Amino acid sequence: MAALDCRELRGLAYLRQPPYGDRGVALRDTGQLIGACGYVPCLAPFNQLPALAVGGSSSRLWSPEFGLYWSILPSHQRRGFATEAGRVLLEWAFRVLHVGR
Numbered sequence: 036m037a038a039l040d041c042r043e044l045r046g047l048a049y050l051r052q053p054p055y056g057d058r059g060v061a062l063r064d065t066g067q068l069i070g071a072c073g074y075v076p077c078l079a080p081f082n083q084l085p086a087l088a089v090g091g092s093s094s095r096l097w098s099p100e101f102g103l104y105w106s107i108l109p110s111h112q113r114r115g116f117a118t119e120a121g122r123v124l125l126e127w128a129f130r131v132l133h134v135g136r
């Protein structure tokens, strides 16, 4: 990852944007930026799908949903960093954003 990319990712924390978007993944010991993770928004008619409909027919056909993503530098892959980033994102989503299961 280029130095400019690292500075850009570090600067995202200061933008105070909505909770969707990029967050840096850094090593605890050194603070070295090794990747990014975040939430990906998706707005789709999930309640129109019978298997996903909540409470039968609903007037709320379009519901906001989101997924998780992460990207770790190849030199730091397969060491549990993506797993840890995913766990932190999930815990924060339930504790702070109060998302439904």
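In case it helps, the numbering used here puts the sequence shown at residues 36 to 136. Note that beta-carbon positions come from the ideal geometry of N, C-alpha and C, so glycine has one too. All of these numbers come straight from a predicted model, not from anything done at the bench.
Note to self: Which of the three DSSP states is assigned to Phe116 in this structure?
What the structure shows: helix
Notebook entry, point to check: Is it buried or exposed for Ala37, if we count other Cβ within 10 angstroms and need 16 for buried?
Noted result: Low per-residue confidence applies at Ala37: pLDDT is 49, beneath 50, and the placement is therefore not dependable enough to give any value.
Check: If you compare alpha carbons, which of Ala128, Arg114, Tyr74, Glu100 is closest to Gly56?
Finding: Tyr74
Notebook entry, point to check: From Val134 to Arg122, what distance separates their C-alpha atoms?
Noted result: 15 Å
Notebook entry, point to check: Quick one: what's got a C-beta closer than 7 Å to Phe101's C-beta in the same chain, skipping five residues either side?
Noted result: Closer than 7 Å at Cβ, skipping near neighbours: Tyr55, Tyr74, Val75, Pro76, Cys77.
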